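Residues 1 to 494 in UniProt numbering are what the sequence shown spells out, letter by letter.
Don't be surprised by glycine CBs; every beta carbon is placed ideally from N, CA and C.
All values derive from a computational prediction rather than experimental measurement.
Worksheet: one structure, shown below.
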Amino acid sequence: MPLRCTSPQSRSGRNRGGRRAMGDSVVSTGEADTGARPAAGYADRLRAVLLAQDGVARVEITGDRPLSVRIDVAERIREDALARHLDDVDQVFGMMVETSEADHDTSLDTSVWVSGITRQPMDTEVMREWVDATVAAITELRPRRVLEIGCGTGLLLSRIAPDCDRYVGTDISDRVLARLLANLDRTGGRPNGLHTLRRPAHDLSGIDGPFDVVVVNSVVQYFPSVPYLWSVLDSAWDLLAPDGVLFVGDVRSQPLLTAYHAESVLATAPRAPAAQVLAHARRRAAQDPELVISPELFSRWADRHPDAAGVDARLKRGGDNELTRYRYDVFLPRSTATLPFVQELPWAELQDAEERWPALVGDRSVSLVLDVPNPRLSGLPPQAVAAVGGAAGRARADRAAGFVDGLRAAGGTVHLRWPRSQRPGLLDVVVGGPGTTPRDLLRPSRLRSDAELSQLASDPVLSRLTATLERRWHKAVLGALPEPHPHLDYDIRS
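So, in structure tokens, the structure goes:
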């Protein structure tokens, strides 16, 4: 696929704050260290050198101080990088499974899970809660036919498949699938109706639907790009039953990415000044090697499908930890019906009106409370608060937590959603009465902003590819043009 890239940061470590767009170019900016103009004819000679490099399709040079160089990359270069990325994922997960010891509970094989903040293995109890919450989110939909793309060692499959008539699990790694089947054989055998296939996520050929639920859980962060993600979602959508649900779980949150890296910086430098923490966090966010996505991107995807009512992007269930704080689950129901809420109320009207809270828990009513402070972010260290544009103070966060706990104590079912306002420090609360079902609470909506599509996700393959091309092409320019020339400080911005 053709591409346009801008680089996460320059060699000097400065984050230029530019934007990356999905298109067909690598955009680099050269600046003369002395501020001198390039020699006459330099731009033509530079263009000739670059056009002679493997993978360069077109070069456009404009300006003089700074000298701006735009390079169109041959499509095959991106395709080769994509293939290498998928092969790397296969090799990495296969080796991790081979060299690690499974948890004593073979149905809870968390051997490949390491904290991105502390770099230590994830706590088993945290992972158990994560698995249980994800399984509950899926089984509440009462599926009989399930397709899981990227089933791994069976954390979900082993718990969901026994209650299904048909369960198809795919994974890119044959070694991971071998671990899965070995775990099942040790813990009571393989469920009837189970079928496993070794293939990458985008290859669903030969799999016949329909499925009640298609699961893509905790794998999209390893996808190489947004176009690849969309191709997987498109293929999965085609296999859904008319009233089916596409579940994309454990998605890393792009709006909270800088806060995540700020917390990681503070794990090793707890006394670092706030400005330094924020600078390091932004640099790490720009260099993050995984696909990190804004919830709005899924709404944009749904806009392309007439039979998609929208997106229900929920904060993950469970206690406060890095998985629930910085990741979310996406429900994409295949339906054109959009059920309205009985009432939509801003938190500002309710926060000091506790006597009104019980009325939200009607028998079969479903209500929405907007822009409630996110209690999970209130505990961030002060140096990290700026990364989310500010977070609620402890008193306001405790008030919000008490509101949610009170609704549950009154018999309500509560889901925490990414806010319609898309303010990172807030959330929306969906509350249903005792007579509501999980399907009743599935209320997709549209997320809207003026952001360009390219601003709603990272592009890991692109970042990796352009870093390599930058070094290669800069070396070629220095070797081929011995004359005095501006130093090309390639700025591939994110």
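Asp363 versus Asp428: straight-line alpha-carbon distance, rounded: Taking the sequence shown and counting its residues from 1, one reaches residue 363 at position 363. Taking the sequence shown and counting its residues from 1, one reaches residue 428 at position 428. Going by the C-alpha atoms only, they are around 20 Å apart.
_Looking only at its chain, what residues have a beta carbon closer than 6 Å to the beta carbon of Val431, apart from the 5 residues adjacent to it on each side?_
Counting from one through the sequence shown, the residue named residue 431 turns up at place 431. Around Val431: Leu360, Ser367, Leu407, Gly412, Val414.
- Query: residue 501 lies in the beta strand (DSSP E); which residues open and close that run?
  - Reply: The shown model of the chain, from 1 to 494, leaves out residue 501, and the question about it has no answer.
Practice item. Report, in whole angstroms, the separation of the C-beta atoms of Arg300 and Leu456, which I expect to be a contact under 8 Å. Key: Taking the sequence shown and counting its residues from 1, one reaches residue 300 at position 300. Taking the sequence shown and counting its residues from 1, one reaches residue 456 at position 456. About 7 Å; that satisfies the 8 Å criterion.
**Asked** Is Leu156 closer than 8 Å to Thr134 when the C-beta atoms are compared?
**Response** Residue 134 sits at position 134 when you count from the first residue of the sequence shown. Residue 156 sits at position 156 when you count from the first residue of the sequence shown. Yes, Cβ-Cβ distance for Thr134 and Leu156 is below 8 Å.
Check your understanding: Quick one: Cα of Gly169 to Cα of Arg446, how far?
Key -> Position 169 of the sequence shown, counted from the start, is the residue given in the question as residue 169. Position 446 of the sequence shown, counted from the start, is the residue given in the question as residue 446. Computed Cα separation, rounded: 30 Å.
Q) Taking DSSP as the reference, what is the three-state secondary structure of Gln455? A) Reading the sequence shown from its first residue, position 455 is the one you call residue 455. Three-state result, Gln455: helix.
DSSP three-state call for Arg76: helix, strand or coil?
-> Working through the sequence shown from its first residue, we reach residue 76 at position 76. Helix at Arg76.
* Which full runs of the beta strand (DSSP E) of 3+ residues lie inside the segment 404–451, going along the chain? -> 413–417, 426–432
Does the distance from the C-beta atom of Ile149 to that of Ala236 stay below 8 Å? As a working mapping, residue 149 is identified with position 149 in the sequence shown. As a working mapping, residue 236 is identified with position 236 in the sequence shown. Yes, they are a contact pair.
### Query
Could one say the Cβ of Ile160 lies closer than 8 Å to chain B's Cβ atoms, at least one of them?
Within the model displayed, chain B is absent; a lone protein chain is all it includes.
Note to self: Taking the alpha helix (DSSP H) that Gly479 belongs to, which residues open and close that run?
What the structure shows: Taking the sequence shown and counting its residues from 1, one reaches residue 479 at position 479. Unbroken alpha helix (DSSP H) run through Gly479: 460–480.
* Looking at C-alpha atoms only, which residue of Gln254, Leu194, Pro210, Ala410 is the closest neighbour of residue 499? -> With the chain running from 1 to 494 in the structure shown, residue 499 is simply not present.
Inter-stretch contact (C-beta, 8 Å, three-pair minimum) for the segment 224–232 and the segment 181–197
no
Taking three-plus beta-carbon pairs below 8 Å as touching, is the segment 180–192 in contact with the segment 202–216?
no
Output the distance between the C-alpha atoms of Tyr167 and Arg448, rounded to the nearest integer angstrom. If you number the sequence shown from 1, residue 167 lands on position 167. If you number the sequence shown from 1, residue 448 lands on position 448. Their backbone Cα atoms lie some 35 Å apart in a straight line.
Practice item. Please classify Phe247: does DSSP put it in a helix, a strand, or coil? Key: What you label residue 247 is simply residue 247 of the sequence shown in a count that begins at 1. Phe247: strand per DSSP, three-state reduction.
According to DSSP, is Gly402 part of a helix, a strand, or is it coil?
Locating residue 402 in the sequence shown gives position 402, where the first residue counts as 1. Note: Gly402 maps to helix in three-state DSSP.
### Query
Using the C-alpha atoms, what's the distance from Phe223 back to Val461?
One-based indexing of the sequence shown puts residue 461 at position 461. One-based indexing of the sequence shown puts residue 223 at position 223. Their backbone Cα atoms lie some 9 Å apart in a straight line.
- Message: If I follow the unbroken alpha helix (DSSP H) through Leu367, where does it start and stop?
- Response: Start at 1 with the first residue of the sequence shown, and residue 367 comes out as number 367. A small correction: the amino acid at residue 367 is Ser; Leu does not occupy that position in the sequence shown. Not the alpha helix (DSSP H): Ser367 falls in the beta strand (DSSP E), residues 366–373.
Notebook entry, point to check: Among all the DSSP beta bridges, which residues are the ones paired with Arg58?
Noted result: Looking up residue 58 in the sequence shown gives position 58. The partner list for Arg58 (beta bridge, DSSP) reads Asp72.
Note to self: Please list the terminal residues of the continuous beta strand (DSSP E) segment that includes Leu331.
What the structure shows: Position 331 of the sequence shown, counting from 1, holds the residue named residue 331. It should be pointed out that residue 331 corresponds to Phe in this sequence rather than to Leu. Phe331 -> beta strand (DSSP E) spans 327–333.
Checklist entry - Is it true that the CB of Ala400 sits closer than 8 Å to the CB of Pro373? => result Sequence index remark: in the sequence shown, residue 373 carries index 373 (1-based). Sequence index remark: in the sequence shown, residue 400 carries index 400 (1-based). Yes, the pair counts as a contact, with Cβ atoms nearer than the cut-off.
| Taking the alpha carbon of Ile71 as the point to measure from, which residue in Arg78, Glu79, Val59 has its own alpha carbon closest? | Taking the first residue of the sequence shown as position 1, residue 71 is located at position 71. Residue Val59 is the option with its Cα nearest to Ile71.
- In or out: Gly310 buried (at least 16 other Cβ within 10 Å) or exposed? Numbered from 1 along the sequence shown, position 310 holds the residue referred to as residue 310. Result: buried.
Note to self: Let me check understanding here. Comparing Cα to Cα, which of Asp307, Val477, Asp203 lies closest to Thr336?
What the structure shows: For the purposes of this step, residue 336 is taken as the residue at position 336 of the sequence shown. Considering only alpha carbons, the answer is Asp307.
If you check the beta carbons only, do Ser458 and Asp288 fall under 8 Å apart? To locate residue 458, count along the sequence shown from 1; it is residue 458. To locate residue 288, count along the sequence shown from 1; it is residue 288. Yes, the pair counts as a contact, with Cβ atoms nearer than the cut-off.
Checklist line | Bridge partner(s) assigned by DSSP for Ile149 | finding: Within the sequence shown, numbered from 1, the residue matching residue 149 stands at position 149. For Ile149, which the question treats as bridged, DSSP gives the partners Thr170.
Once DSSP output is grouped into helix, strand and coil, what is the label at Asp33? Locating residue 33 in the sequence shown gives position 33, counting from the first residue. With a pLDDT of only 39 at Asp33, under the threshold of 50, the placement of this residue in the model should not be trusted; the figure read from the coordinates follows. Reduced to three states, the DSSP call for Asp33 is coil.
Count Cβ pairs between the segment 240–253 and the segment 325–332 that sit closer than 8 Å; are there 3 or more? yes
*asked:* Suppose contacts are defined by Cβ-Cβ distances below 8 Å. Is Asp450 in contact with Pro419 by that definition?
replied: Taking the first residue of the sequence shown as position 1, residue 450 is located at position 450. Taking the first residue of the sequence shown as position 1, residue 419 is located at position 419. No; because the gap between Cβ atoms is not below 8 Å, this pair is not in contact.
Mind checking whether Asp212 and Val146 have CB atoms under 8 Å apart? Taking the sequence shown and counting its residues from 1, the one referred to as residue 212 is at position 212. Taking the sequence shown and counting its residues from 1, the one referred to as residue 146 is at position 146. Yes; because the gap between Cβ atoms is below 8 Å, this pair is in contact.
Thinking C-alpha only, which one of Pro424, Arg417, Val56, Asp185 is nearest Arg317?
Walking along the sequence shown from the start, residue 317 turns up at place 317. Cα-wise, what sits closest to Arg317 is Arg417.
- Same chain, Cβ closer than 7 Å to Arg396, neighbours up to 5 away in sequence not counted: Looking up residue 396 in the sequence shown gives position 396. Pro373.
Query raised in the report: Per DSSP, what kind of secondary structure is Ile138 in: helix, strand or coil?
Result: Numbered from 1 along the sequence shown, position 138 holds the residue referred to as residue 138. Ile138: helix per DSSP, three-state reduction.
Our contact map puts Arg334 next to Pro444 with C-beta atoms below 8 Å; I'd like the distance itself, whole angstroms only.
Here residue 334 refers to the residue found at position 334 of the sequence shown. Here residue 444 refers to the residue found at position 444 of the sequence shown. Between Pro444 and Arg334 the Cβ distance is about 10 Å, and since that is not below 8 Å, they are no contact.
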